[in-house]
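In UniProt numbering, the protein residues as written are 1 to 400.
The C-beta atom is built at its ideal place from N, Cα and C for all residues, glycine as well.
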């Protein structure tokens, strides 16, 4: 074991993490059936993203572990023998490594690690079911792939029309789950508005006394088993691709899926060579030749207008324009449930009026932030106003 190994293991052993087990449903849903553990990483001082994640995952009935971490100190940063990684980047890497180590320690069959700036595709449920008919070792559910437009676009076998079939199955499952879950949802409904964040977690954990419904009340969903589902050829996988060997700058740590084996490989690669977290992706694609892919369309994108790592792309800037042109093909904001939290945060003193809708409130904030009428319209048109309710926004603004 080299000095870097000793440093990382010692750092992780002393890494302060607050863990909140969030139970949004007691019933079997599309993602809770398929994924054994879901982590969402959040900085302790980022209240608005924490509130957002709690609301987002509740709307999707996703059970998860909220991993709340502190910004690392300069002292911890100085322990790492790599001058090329910033303090903020090291903090990101350590939070992911902590989750990976939890996957390994608990022998989870698979897991997803989300960051708190995620934005789901409107067809997230259908796309998820379509993809997870197979077993994988490593997936980027969303990527910042700067080689997509000139290298990877041509690799896609796109079958978006098949999502309509998946949608019928998903709706059937979700309708039954919602009917069985009414009592639980009603008890959760006002928690964020009435309680502190800590009280909310305690109340959520106390709800873990409901009995599971009888097995025959759950519709049978045919997920292909591991034995049936070894991918013999890359060409058999649709709506996904593998990076070309000449690809550069394939990034994105906001939505990663790992098998247990995949988690071990990623953890060991970072332990042996600490660096910015998503610089190890090409190693993962090389290691798992037939079981590692990037999903496209992305199931999940991130809000790039702000960043805890100083990697942001300002609104309507040349860098933002370049990002969307290089990383996507004709990116459509309204394919995703976009909302810009930073606009809300910067104008947190602006109260929600009694007669406000989501659109009227967000429009007012945009008017305060942008001087140009053209800019206002461009930013407004990125937002989706029929996903979150005005009451949801009140909870997202809670305790700011």
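Span separating the alpha-carbon of residue i from that of residue j
i	j	result
residue 84	residue 274	10 Å
residue 344	residue 270	36 Å
residue 285	residue 251	13 Å
residue 386	residue 360	12 Å
residue 259	residue 325	31 Å
residue 378	residue 307	21 Å
residue 414	residue 376	Not covered by the structure: residue 414. The range shown for the chain is 1 to 400.
residue 121	residue 34	18 Å
residue 29	residue 62	8 Å
residue 333	residue 45	28 Å
residue 102	residue 242	27 Å
residue 115	residue 38	11 Å
residue 107	residue 100	10 Å
residue 246	residue 147	9 Å
residue 311	residue 20	28 Å
residue 89	residue 276	6 Å
residue 370	residue 319	18 Å
residue 60	residue 124	10 Å
residue 323	residue 314	11 Å
residue 348	residue 305	17 Å
residue 18	residue 49	16 Å
residue 350	residue 133	46 Å
residue 145	residue 364	34 Å
residue 390	residue 396	10 Å
residue 161	residue 272	Low local confidence applies: a pLDDT of 46 at residue 161 is under 50, so the model's placement there is unreliable, with the coordinate-based value given in what follows. Roughly 44 Å between the two C-alpha positions.
residue 157	residue 292	16 Å
residue 287	residue 261	11 Å
residue 54	residue 354	24 Å
residue 220	residue 290	Low per-residue confidence applies at residue 220: pLDDT is 38, beneath 50, and the placement is therefore not dependable, though the value from the model is reported in the following sentence. Going from the Cα of residue 220 to the Cα of residue 290 covers about 28 Å.
residue 372	residue 64	41 Å
residue 27	residue 374	46 Å
residue 384	residue 327	21 Å
residue 129	residue 47	31 Å
residue 331	residue 78	40 Å
Best match in the options for proximity to residue i [C-alpha to C-alpha]
i	options	result
residue 43	59, 154, 66 and 58	66
residue 76	91, 60 and 338	91
residue 86	309, 120 and 142	309
residue 7	382, 354, 82 and 114	82
residue 25	57, 354 and 18	57
residue 155	11, 373, 237 and 107	237
residue 346	28, 256, 400 and 15	400
residue 71	60, 51 and 41	41
residue 294	254, 110, 80 and 315	254
residue 297	127, 104 and 108	127
residue 97	239, 146, 280 and 53	280
residue 93	383, 282 and 11	11
residue 69	50, 95, 89 and 59	95
residue 381	316, 328 and 391	316
residue 119	398, 52 and 146	52
residue 36	290, 358, 109 and 27	109
residue 13	105, 124, 31 and 290	105
residue 16	73, 32 and 64	73
residue 131	79, 149 and 31	31
residue 9	240, 47, 80 and 141	80
residue 240	287, 141 and 282	141
residue 342	64, 129, 27 and 117	117
residue 149	249, 129, 64 and 78	249
residue 392	143, 374, 356 and 283	356
residue 282	47, 143, 372 and 384	143
Assumed close pair residue i, residue j - CB separation to whole angstroms, cut-off 8 Å
i	j	result
residue 151	residue 278	Residue 151 to residue 278, Cβ: 17 Å. No contact.
residue 394	residue 362	Wrong, their Cβ atoms sit about 13 Å apart, outside the cutoff.
residue 358	residue 388	6 Å
residue 153	residue 329	5 Å
residue 112	residue 256	7 Å
Any non-hydrogen atom of the ligand SAH within 8 Å of residue i CB
i	result
residue 58	No copy of the ligand SAH appears in this structure; indeed no ligand is present at all.
| said: Using 8 Å as the cut-off, can you tell me whether the stretch 336-351 makes contact with the stretch 297-306, which would need three or more C-beta pairs spanning the two stretches below that distance? | reply: yes
| For the 8 Å Cβ check, are there 3 or more pairs between the stretch 252-268 and the stretch 132-139? | yes
| task | Mind listing, in chain order, the continuous alpha helix (DSSP H) runs of no fewer than 4 residues lying wholly within the stretch 290-350? | result | 318-327 and 341-346
| Counting only runs that start and end within the stretch 68-112, where is the beta strand (DSSP E) found for 3 or more residues in a row? | none
| Inside the stretch 237-300 only - beta strand (DSSP E) runs reaching at least 3 residues | 255-259 and 292-295
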